[in-house]
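4 protein chains.
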Amino acid sequence: MILTVKKDANPTQLDGLMEWLKAQNVEVHISEGTYNCVLGLVGDTSHIDMDLISGLNIVENVQRVSEPFKNVNRKFHPADTIIDVCGHKIGGGNFQIIAGPCSVESEEQICTIAKDVKKNGANLLRGGAFKPRTSPYAFQGMRNEGLKLLLEAKKETGMPIVTEIMDLSHIDLFADVDIIQVGARNMQNFELLKELGHSKKPILLKRGLANTLQELLMSAEYIIAGGNENIILCERGIRTFETATRNTLDISAIPVLKEKSHLPVIVDPSHSGGIARLVRPLALAATAAGADGLIIEVHNDPAHALCDGPQSLTPDEFAEVVKSVNAVREVI
Amino acid sequence: MILTVKKDANPTQLDGLMEWLKAQNVEVHISEGTYNCVLGLVGDTSHIDMDLISGLNIVENVQRVSEPFKNVNRKFHPADTIIDVCGHKIGGGNFQIIAGPCSVESEEQICTIAKDVKKNGANLLRGGAFKPRTSPYAFQGMRNEGLKLLLEAKKETGMPIVTEIMDLSHIDLFADVDIIQVGARNMQNFELLKELGHSKKPILLKRGLANTLQELLMSAEYIIAGGNENIILCERGIRTFETATRNTLDISAIPVLKEKSHLPVIVDPSHSGGIARLVRPLALAATAAGADGLIIEVHNDPAHALCDGPQSLTPDEFAEVVKSVNAVREVI
Amino acid sequence: MILTVKKDANPTQLDGLMEWLKAQNVEVHISEGTYNCVLGLVGDTSHIDMDLISGLNIVENVQRVSEPFKNVNRKFHPADTIIDVCGHKIGGGNFQIIAGPCSVESEEQICTIAKDVKKNGANLLRGGAFKPRTSPYAFQGMRNEGLKLLLEAKKETGMPIVTEIMDLSHIDLFADVDIIQVGARNMQNFELLKELGHSKKPILLKRGLANTLQELLMSAEYIIAGGNENIILCERGIRTFETATRNTLDISAIPVLKEKSHLPVIVDPSHSGGIARLVRPLALAATAAGADGLIIEVHNDPAHALCDGPQSLTPDEFAEVVKSVNAVREVI
Amino acid sequence: MILTVKKDANPTQLDGLMEWLKAQNVEVHISEGTYNCVLGLVGDTSHIDMDLISGLNIVENVQRVSEPFKNVNRKFHPADTIIDVCGHKIGGGNFQIIAGPCSVESEEQICTIAKDVKKNGANLLRGGAFKPRTSPYAFQGMRNEGLKLLLEAKKETGMPIVTEIMDLSHIDLFADVDIIQVGARNMQNFELLKELGHSKKPILLKRGLANTLQELLMSAEYIIAGGNENIILCERGIRTFETATRNTLDISAIPVLKEKSHLPVIVDPSHSGGIARLVRPLALAATAAGADGLIIEVHNDPAHALCDGPQSLTPDEFAEVVKSVNAVREVI
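Residue numbers (our numbering), protein chains in the order written: chain A, 4 to 335; chain B, 4 to 335; chain C, 4 to 335; chain D, 4 to 335.
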């Protein structure tokens, strides 16, 4: 870590800083310049909060030389992590398509879709039981009941299921879920992340709407620090000034995350654009950019199932997307 | 709500949409144009999810005419909400300064600061017991123990206390806390918001780093929908492309929120800038823009208490800020 | 255009607004609601400035139903525009790769690279003569001299040349340039756009760092309104909160622009990421998402030509990227 | 400047980098770490382009220790710059209010407003002759004719005039203008900035919609590097994800710019919010935060002068704002 301290730094504050830094078990190398003084911290600085230091009046700026994440860092773990979900591998060259409806609505609905997507190339089933909704007046999901129906669909089709957890108090309800999804809004719900660190289940960690890739990796570090190494990172679009799409898919996140970390990276083309007709181009782009998988919304009846209609494909559209995705995978 | 539907809309999808809209108990007025068809929805549309509709292939765009929030909307409740915290009023022309350290570190620390800030013009005491930290390796706060020390400080000084909750499972620990703070990262932790809606305690709801003012009001709507009307909104800076400050204080949020809602609005000048020397100008700006209060970090020993040093003032700097803030309040 | 006017609108202001609206030659349909009044404007509203109206005290919000751009709008011109540059077609299924160095440095450099990239699959040559640089102390390009060297390279290789114009006063110097590039910083240099509208040369219009897709199309509308229909749109990354990459490539821009407009859309994977090792994945993603071409930086000597080294590929890396790009094109 | 180079850096590239760095006349100090190697550059690095280096494959990150701007840097010029415009001083404790209409429409209009705002406390007159408009179909200003009318108003009232230049080819037309404004969209029109550097006139440099404060200072550096030290910086709101206001006024920009530079900083509360009723709170906030002045839009007839109506005040509203602004100035 490199600190640039103001030339006119108050000596008492500077001494306080130096003292504190040494208490953090890091060596401090000082080099005086004409207009400022540079402190180089040598040792493990991962536990030092940059914001705390950068806020100090005497500090001009702070720069990390080594990343603050350790266990998810490819530098310390060069080999790709491969996650096995009931025999379906993700990462290390293994590509998986997760598909299903936005929300679970009925046994008939979820089972029909499950069979459809399985037939058309999906190996894992997604479906929302607990739904984070901006409005308290909007449908909040079937919750508990929805989880039961997902397990029904799993029994009927043999597909492992992926569904979102909204609070750590629900964790026992997720005992039979195969992959627990942490939604974008909970990416920095640290109490939840700690709890999931004590589980052994694969965690699908979605990037927050306005979180940097480093923050995403730090949230993964929370889970891995608890002992759970089964983490799948998911890019699902970030919030920018552009309003033509609901979110802006950060396609560069794929190569950057795979360079910095050994964890698998999948993409959600449905929520990124928020429009069904964008799912195909975004799914192809993500595949071409090196994603380890896709999580796509599919519903059975566009005309009537409006709740998950918008950004969802019909089974036929889905089949067509899978075909193109596989074609792209073969050439890259 | 105004929907613009594509001219070449697939009739089956359009019928499905019309059917679904009617099922939402809203009247639909249709007006055909040359290049598109406009649907005007009349009735209560607050429960309709715009994103769901805007994602439909046949929909060109959607625009709310009436806001999706009801109980926090000034239109339906013109008078300012005034919140009384142990006799200290916030809102409706009543201005309060909340001050204290970033983290509770020891009884001596919290009590010393409490007395200092009380003497210098703060009526409420803030202090972090549960700390949301980006890194799992950083100090996570004294948690339970910290809450006890805050109550000690309350007993010694008589100041009501404000502290952050990180998970709904902790709610019983907050029984004696006077104002429960929901941090920026939990602004859309809907399960937590629902739980707080069933409490009667004042809630200090901080705006998320990348949440719009409407989303902030929708989160407040979650709390009020549960029956708890004691909500204080807090602007604490948003995430933008600018890196010279930790966050960008959205000063316009104050007049906009006060125009749209009857809830009191306070500002956190400490986290907005992330630098102690910015607290004074930002506190004065917030006061001049019409804020109902401020929440400011103060610590007792800049040289040694680094953990809450950076964006914190010394008691003397704090006293000076309070003096200027009061001077500005008198002239506006 | 749909205007929502406040219920308590000052009648004089409302009359003024109505009067003004009628003066714009649009019909106004009024529908009164309980909490507001909705005005529907029918007719050509493309010349009406939304910002002006949305700023009015009596106006709650404004929404365009029809887009403000006309001549670049696919609705009014469904067929893809195909631009022919010395026999090389762009758009309408025709894909082109433009390659070359960031800056022209010497005749030997530009000619060597030109031959290299031509051999490896590029049909057009790019190279910077006038360089927009953030710092006045940084190399500003060879300017005039650089243009001459580009024309030399064209003579030697027969490749049409693409280079950036920085001010309309330079336009005569660009008489022999085949495609004039408008850089991101000049996307809203309206005086320059007007001037280029009177030219017949193909214009490569780059999206501004923080401009919406609609603003990009409005800038294209400036050029086409002047009579020049030869416009190529270019996505080159936008500014967001993410700092891991220099800019964030907005991959969704490709399908969205191609849906809204008939103009060809190309992508610059070099500037989007700002890192050479990101060029390949971003180029493949852009191709898979349906781009009509790519503009890629290539230099001849990574170890020494630092000025254009960073985000540039070596000729061999470039050859490899072209091979993969073509493979992806075949399968989609 | 601190470079962090990858541990596995290709030696040829590393040699190339070292060679190039030395050619920039900077000393390079190397310190090897376990996972990377840190290069410290000592000397004048202001001419080195960080982006170029950070893009290199072998470079992990780059951090400036000294700012890239020199002549506008307070470190090298501690005293406030005071700009004298016909006897009206700006900066160094001197506060000025610039007011006038968005666009010049007629002699009667501009002269009436000029007298009004002068009577109510403005010392300088603003008015748009050349108007940058997003749409080619919108009113582009009276241009030349508008400048003549502004000079008329100056003759009648004695107020110095401030108006925007859109292209360097117009510079002769601005011979009698007192302050030349560079609009947000031209903040990085470097050819224009160079030209203005050769003028002696005060330049009002507006921050670009998505430009960092450092980029604003670098643009000022372009002007000062040409020999013109009469620069007034202007914060006018930045583009963020928030849509409740047209732009987000970055209030922190005032203290940050004044700390980093000796140039005066004024604020435009009219364009920041884009809504007349926000002008008062934003003007007061800017004053309280330490701005050296304000530039406010005022028009004479809200009901009919719609073009500049939205974000403009009436003369009476303006008078009221000036009164409050002065009251705030007295107490801080």
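Just so it is clear, CB atoms sit at the ideal spot from N, CA and C, and this is done for glycine as well.
Limits of the unbroken alpha helix (DSSP H) element including residue i
| i | result |
| --- | --- |
| Asn329/C | 318 to 334 |
| Thr115/B | 110 to 122 |
| Asn147/A | 147 to 160 |
| Leu20/B | 14 to 26 |
| Lys197/A | 193 to 200 |
| Ile241/D | First-last for Ile241/D: undefined, no H or E at that position. |
Cβ-based burial, residue i [other Cβ within 10 Å; buried from 16]
| i | result |
| --- | --- |
| Cys237/A | buried |
| Asp295/A | buried |
| Asp311/D | Low confidence applies to Asp311/D: its pLDDT is 47, below 50, so where it sits in the model is not reliable enough to give any reading. |
| Asp170/B | buried |
| Ser109/B | exposed |
| Glu262/C | exposed |
| Asn126/C | buried |
Secondary structure of residue i, DSSP reduced to three states
| i | result |
| --- | --- |
| Gly276/A | helix |
| Arg136/A | coil |
| His173/B | helix |
| Lys9/C | strand |
| Val75/C | coil |
| Glu300/D | strand |
| Val62/D | strand |
| Met4/D | coil |
| Glu167/B | strand |
| Ile85/B | coil |
| Lys263/A | helix |
| Asn126/C | coil |
| Thr251/D | strand |
| Ser69/D | coil |
| Ile51/C | coil |
| Ala102/B | strand |
| Leu212/B | coil |
Any C-beta of chain B under 8 Å from that of residue i
| i | result |
| --- | --- |
| Tyr225/A | yes |
| Ala306/A | Confidence in Ala306/A is poor, its pLDDT being 48 and thus under 50, which makes the residue's placement unreliable; the coordinate value appears in the next sentence. So yes, Ala306/A belongs to the interface. |
CB contact check: residue i to chain C, cutoff 8 Å
| i | result |
| --- | --- |
| Tyr38/B | yes |
| Phe321/A | no |
| Lys212/D | Going by the sequence as given, residue 212/D is Leu instead of Lys. Chain C, which has a Cβ nearer than 8 Å to the Cβ of Leu212/D, makes this yes. |
Extent of the continuous beta strand (DSSP E) to which residue i belongs
| i | result |
| --- | --- |
| Ser34/D | 30 to 35 |
| Leu44/A | 39 to 45 |
| Ala3/C | What is shown of chain C runs 4 to 335, which leaves residue 3/C out entirely. |
| Leu208/A | 206 to 209 |
| Gln184/A | 182 to 185 |
| His2/C | Shown here, chain C extends from 4 to 335; a query on residue 2/C therefore has no answer. |
| Lys92/C | 91 to 93 |
Within-8 Å CB hit, residue i to chain A
| i | result |
| --- | --- |
| Thr115/D | no |
| Ser327/C | yes |
Interface partners of residue i on chain G, CB under 8 Å
| i | result |
| --- | --- |
| Leu171/C | The displayed structure is made up of protein chains A, B, C and D, and chain G is not among them. |
Short CB-CB distance (under 8 Å) between residue i and chain D
| i | result |
| --- | --- |
| Lys209/A | no |
| Phe244/B | yes |
Stretch-stretch touch, CB-based, cutoff 8 Å, three pairs: the segment 187 to 205 of chain B with the segment 213 to 222 of chain A | no
Specify whether the segment 68 to 82 of chain D and the segment 19 to 33 of chain D touch according to this definition: at least 3 beta carbon pairs, one from each stretch, less than 8 Å apart.
-> no
Quick check: the segment 136 to 152 of chain B against the segment 162 to 178 of chain B, are there 3 or more CB pairs under 8 Å?
-> yes
Inter-stretch contact at 8 Å, needing at least 3 Cβ pairs: the segment 113 to 122 of chain A / the segment 80 to 98 of chain A | no
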